[in-house]
Amino acid sequence: GTMADKAQLQEAIKTQGEVVRKLKSEKASKEKIDEEVAKLLQLKAQLGGDEGKHAFVLKTAKGTRDYNPKQMAIREKVFNIIISCFKRHGAETIDTPVFELKETLTGKYGEDSKLIYDLKDQGGELLSLRYDLTVPFARYLAMNKITNIKRYHIAKVYRRDNPAMTRGRYREFYQCDFDIAGQYDAMIADAECLKIVYEILNELDLGDFRIKVNDRRILDGMFAVCGVPDEKFRTICSTVDKLDKMAWEDVKKEMVNEKGLSEDVGDRIGEYVSMQGGQDLAERLLQDRKLSQNKQACAGLTDMKLLFSYLELFQVTDKVVFDLSLARGLDYYTGVIYEAILSQTIPALVSTPAEQNGADEAGVNVGSVAGGGRYDGLVGMFDPKGRKVPCVGVSIGIERIFSIMEQKAEASSEKVRTTETQVLVASAQKNLLEERLKLTNALWNEGIKAEVLYKKNPKLLSQLQHCEETGIPLVAILGEQELKDGVVKLRNVVSREEVDVPRADLVDEIKKRTL
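Under the working numbering, think of the first position of the sequence shown as 13, with each following residue one higher.
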């Protein structure tokens, strides 16, 4: 590191520092700022590297993030809404290890297998981090010989995606699944899964949404009558799955150029995948000259009609569309598949971790917020005797939902509280620490959420400021006179009105005012 190099570096650091300041003053997106700050730290690290100590850059691993208290408050709110819906529908919950035997995950994900995180060989078992919650669930059922369960599971999963974090692609993220396993009559459980998606999206209040449904059997039947060779069904399926992010022209190009279909087979597929409707479309397709010749497609379409009759009873048909372009890439689906999409485009979301798919920078489509379907063969893959346990389930795209809720919290002026403290025990005079601690203790013992400042003689002003900053609604003020009279001055932080409350009534008074 000659002096000249050093001067050059310092110059570069100065320039980069200005880039960061400019972005901050322009209120650029957090991701953009973080990216430039990282560059700045890298430059500074080079400068510090001269003395033989490489400056260590403090950051989270690529594709991961911390949750600050504000984000946690939002996350908790979202979890509570979702879990209470699952419980309303009678679900139990389970947990499974974060890593599985590598063998368990092999061959379940088709083209996505390259995204599985393998753990370093420790000289024992070969392990991989779980990629989703569905395969571990199937393993759990097979291993414990369970044939019937309705369960939800909320936990982190891991994918070696190359995360454009601005597009909401993380390497560690939450999944939130609800599944019904068991041999039941057609489409009843499937309809309940769609009802659950509907309830959750309604209650989270994320704006208008659509739930697209299709069926693997209808897709396969359609591919067959269009002339796609059997061994290409799955790979063509993953291409059709891209229709939400790519124009039909580009999807067709990929089918013809990369996947080797002929032009006219591509065109035939194009005619079908442009169709959308409801029960009426299912009836129309059952009359379709080509499709009605295909056994699989007929079974799928008959079930689709049945599904819509149940959805009608559950009062959710206003949001559900039968859409032939819906493919869902995963290999293990065998019947009904569905995906929920928020309809409004949120211009502000261009630079937030909210996009996973379907973003054109002008008005960004928020993309899929839930998806799922029927997978009747997965458990059988793990069972030594190949016993099948039919399953249908739904996965709520919880990370996407966090992003949108955070976005909404930023946009609205109301402060998100990160604590639940009901009252701060304060004093206006000196030498009352013991009395403050005694009162705080009495409140804790009665189950009141109370705080006290960790100072012997804090100023009243700084105690009130603490309340304003953290949103504590009440202050219980002790003074010599109050102690003599056996009362506490209860002050409403916002309205500033004060009232003397007898010690015996304090707990009830606080409860009354903070419920």
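Ideal Cβ positions, reconstructed from N, Cα and C, are used throughout, including at glycine. Note that this is a predicted model, so its numbers are computed, not measured.
Where residue i falls, given that 16 or more other Cβ within 10 Å makes a residue buried
| i | result |
| --- | --- |
| Pro148 | buried |
| Phe68 | exposed |
| Gln195 | exposed |
| Thr27 | exposed |
| His165 | buried |
| Tyr121 | buried |
| Gln20 | exposed |
| Asp330 | exposed |
| Asp315 | buried |
| Ala352 | buried |
| Met15 | exposed |
| Gly409 | buried |
| Pro365 | For Pro365, the predicted structure reports a pLDDT of 42, less than 50, and the residue's modelled location is therefore unreliable. A value from the coordinates is still provided. Label assigned to Pro365: buried. |
| Met199 | buried |
| Leu131 | exposed |
| Gln187 | buried |
| Tyr344 | buried |
| Asp227 | buried |
| Ala371 | Here the model assigns Ala371 a pLDDT of 36, short of 50, so the residue's position is not dependable and the matter cannot be decided. |
| Val376 | Note that Val376 scores a pLDDT of 41, beneath 50, so its modelled location is shaky and nothing firm can be said. |
Beta-carbon spacing of residue i, residue j below 8 Å
| i | j | result |
| --- | --- | --- |
| Ile230 | Val240 | no |
| Val506 | Ala438 | no |
| Ile208 | Val404 | no |
| Glu411 | Phe185 | yes |
| Val513 | Ile460 | no |
| Val169 | Leu145 | yes |
| Leu451 | Leu490 | yes |
| Glu492 | Gln441 | yes |
| Ile161 | Glu104 | yes |
| Val263 | Cys238 | no |
| Gly347 | Leu303 | no |
| Arg77 | Thr116 | no |
| Leu3 | Val332 | Lying before the first or after the last residue shown, residue 3 is absent from the chain, which here runs from 13 to 527. |
| Asp253 | Arg340 | yes |
| Leu495 | Glu447 | yes |
| Gln58 | Gly219 | no |
| Leu141 | Tyr129 | yes |
| Leu325 | Ala294 | no |
| Ile106 | Arg163 | yes |
Whole-number beta carbon distance between residue j and residue i, since they are thought to touch under 8 Å
| i | j | result |
| --- | --- | --- |
| Val381 | Ile413 | 6 Å |
| Leu338 | Tyr284 | Leu338 to Tyr284, Cβ: 12 Å. No contact. |
| Gly268 | Glu275 | For clarity, residue 268 is Val in the given sequence; the question names Gly instead. That pair is a contact at about 6 Å. |
| Ile45 | Lys36 | 6 Å |
| Leu127 | Tyr143 | 7 Å |
| Leu55 | Ile86 | Contact flag wrong, Cβ pair sits at about 34 Å. |
| Gly289 | Arg183 | 39 Å between Cβ atoms; not a contact. |
Residue i versus the options, residue with shortest Cα-Cα distance
| i | options | result |
| --- | --- | --- |
| Pro402 | Val32, Asp191 and Leu127 | Asp191 |
| Thr108 | Ala167, Asp279 and Cys97 | Ala167 |
| Ser204 | Asp130, Asn453, Arg386 and Lys26 | The sequence as given places Glu at residue 204; Ser does not occur at that position. Taking only the C-alpha atoms, the option nearest Glu204 is Arg386. |
| Gly29 | Glu43, Ala19 and Lys51 | Lys51 |
| Val428 | Ser41, Val31 and Thr482 | Thr482 |
| Ile212 | Met393, Ile93 and Ser425 | Ile93 |
| Gly272 | Gly290, Thr251 and Leu255 | Thr251 |
| Phe334 | Val225, Asp497 and Leu218 | Val225 |
| Ala73 | Asn174, Arg508, Gly290 and Arg228 | Asn174 |
| Leu445 | Glu270, Ala40, Glu463 and Thr430 | Glu463 |
| Lys467 | His478, Arg100 and Glu458 | His478 |
| Asp217 | Gly398, Leu354 and Pro485 | Leu354 |
| Leu255 | Gly282, Thr118, Ala454 and Tyr210 | Gly282 |
| Phe111 | Asn504, Glu137 and Leu473 | Glu137 |
| Gly398 | Trp456, Met155 and Ala201 | Met155 |
Inset, instruction - Identify every run of the alpha helix (DSSP H) within the segment 251-329, keeping only runs that are complete inside it and at least 4 residues long; order them along the chain. - result: Runs found: 260-265, 275-285, 291-298 and 307-325.
Inset, instruction - Return the chain-ordered ranges of every beta strand (DSSP E) run that is complete within the segment 108-145 and spans a minimum of 3 residues. - result: For the segment 108-145, whole beta strand (DSSP E) runs of length 3 or above, ordered along the chain, are 111-113 and 139-141.
Inset, instruction - Could you tell me which uninterrupted beta strand (DSSP E) segments, each at least 3 residues in length, are contained entirely in the segment 220-247, listed from first to last along the chain? - result: Positions of the beta strand (DSSP E) runs, each at least 3 residues long and wholly inside the segment 220-247, are given as 221-227 in order along the chain.
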